[in-house]
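Have a look at the structure below before the remarks.
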Amino acid sequence: MIELESMAPGRAWRALAEFSVGQPWPLTIHQIRRSTAIYAIRSGIVSLPALKHILHHITIEMSLYYARGSSFARDLLKESSNSKSAFVHVYQSAELQVRAWQYANEFILTDEVLHGPHGLWLKGKAKDSSKTIPYAELLEDTLKRMKRGELHYQPTPVGGCTSGEVCHKRISVNFLGCDGCKSAAIKPSKVLKLIEVQKVLVSHCDVDSPERNAENQTLFELTEFAQTMGISA
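Letter by letter, the sequence shown follows residues 27 to 259 of my numbering.
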């Protein structure tokens, strides 16, 4: 009841007889779909387009409406568990290992020239010192830093993010939200791939339709973003 009130404070939950404390919960399919939307978006690992596909919605706006209040919900995947066999514990352990592997391989050991504030920091410090460190030791050190909360990593469409805070731009699939962010590292290969995907998306939109105009604008902004970074095919 407390969680319901935090997510939808404008509704008098305690005044509704069907939600009285001590009574069987009136579960419906609609509640399951709504809960899926709220906790999926709250986790930060499910995008709005993906949620739209899962719930078979016609528009992203409908998916966004279903997920309203998600910022006030608990992040179930971040909660602590005393049981090592609990799904949350297994997920958190596996997630850290995957994130450490991604960070080491995509950022530190890559031959690409990284852009963005964190990318430039890596270029000047971490990459130089990693040349003499065995891969297993490098990966283990990265994992330890993540376990201590000293390092975070989340892949993005244009590279990766090292911020441990909730990013609303990343959740809403704002491709250019990483531009200028101190926690961003931009990978040229990802930017170029994203531009090609955007070109295909534009070609599938009806000519002179509002959707085509919007997607064309996104393509222009992505291309300009790449040029500003000095990224070219």
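Every residue gets a Cβ at the ideal spot worked out from N, C-alpha and C, and that includes glycine. Small disclaimer: the values here were computed from a predicted structure and weren't measured.
So for residue i, helix, strand or coil by DSSP?
{"i": "ALA43", "result": "helix"}
{"i": "HIS144", "result": "helix"}
{"i": "PRO236", "result": "helix"}
{"i": "CYS204", "result": "helix"}
{"i": "PRO181", "result": "strand"}
{"i": "ALA210", "result": "strand"}
{"i": "GLY150", "result": "helix"}
Residue i: which of the options sits nearest, CA to CA?
{"i": "LEU42", "options": "TYR65, MET33 and MET27", "result": "MET27"}
{"i": "ALA130", "options": "VAL114, ARG60, ALA93 and LEU165", "result": "LEU165"}
{"i": "MET172", "options": "LYS78, ILE64, VAL124 and VAL47", "result": "VAL124"}
{"i": "THR136", "options": "HIS230, ILE212, PRO50 and ILE221", "result": "ILE212"}
{"i": "LEU122", "options": "ARG174, VAL139 and GLU163", "result": "ARG174"}
{"i": "VAL192", "options": "ILE71, HIS82, LYS170 and ARG60", "result": "ILE71"}
{"i": "SER119", "options": "ASN239, LYS170 and GLY203", "result": "LYS170"}
{"i": "ARG60", "options": "GLU44, HIS82, VAL139 and GLY36", "result": "HIS82"}
Which residues in the same chain have their Cβ closer than 6 Å to the Cβ of residue i, if we skip the five residues on either side of it in sequence?
{"i": "VAL228", "result": "GLU241, ASN242 and LEU245"}
{"i": "THR168", "result": "ALA126, TYR129 and ALA130"}
{"i": "HIS260", "result": "Within the shown structure, residues of the chain are numbered from 27 to 259, placing residue 260 beyond reach of any answer."}
{"i": "ALA34", "result": "GLY95"}
{"i": "GLN68", "result": "Reading off the sequence shown, one finds Arg at residue 68, where the question assumed Gln. Once the five neighbours on either side are set aside, the close Cβ partners of ARG68 are SER96, ALA99 and ASP101."}
{"i": "GLN49", "result": "none"}
Could you pull out every residue in the same chain whose Cβ sits closer than 8 Å to the Cβ of residue i, ignoring the five residues on either side in sequence?
{"i": "VAL217", "result": "VAL184, GLY185, LEU248, PHE251, ALA252, MET255 and ILE257"}
{"i": "GLU29", "result": "ALA99 and ARG100"}
{"i": "GLN284", "result": "Lying outside 27 to 259, the shown extent of the chain, residue 284 is not represented and no answer is given."}
Ignore the nearest five residues each way along the sequence and tell me which others in residue i's own chain have a CB closer than 7 Å to its CB.
{"i": "PRO181", "result": "GLN128"}
{"i": "GLU105", "result": "VAL114"}
{"i": "VAL47", "result": "MET27"}
{"i": "TYR65", "result": "ALA99 and LEU102"}
{"i": "LEU11", "result": "Residue 11 lies beyond the stretch modelled for the chain, which goes from 27 to 259, so this question has no answer here."}
{"i": "ASP205", "result": "PHE251"}
{"i": "GLN1", "result": "Since the first and last residues shown for the chain are 27 and 259, residue 1 lies out of range."}
{"i": "GLU44", "result": "PRO52"}
Are the CB atoms of residue j and residue i within a distance shorter than 9 Å?
{"i": "ILE80", "j": "THR54", "result": "no"}
{"i": "HIS144", "j": "SER215", "result": "no"}
{"i": "LEU146", "j": "ILE134", "result": "no"}
{"i": "LEU77", "j": "ALA93", "result": "yes"}
{"i": "GLY142", "j": "CYS207", "result": "yes"}
{"i": "CYS231", "j": "GLU222", "result": "no"}
Problem - Entirely enclosed alpha helix (DSSP H) segments - the segment 43–76, minimum 4 residues - result: 55–69
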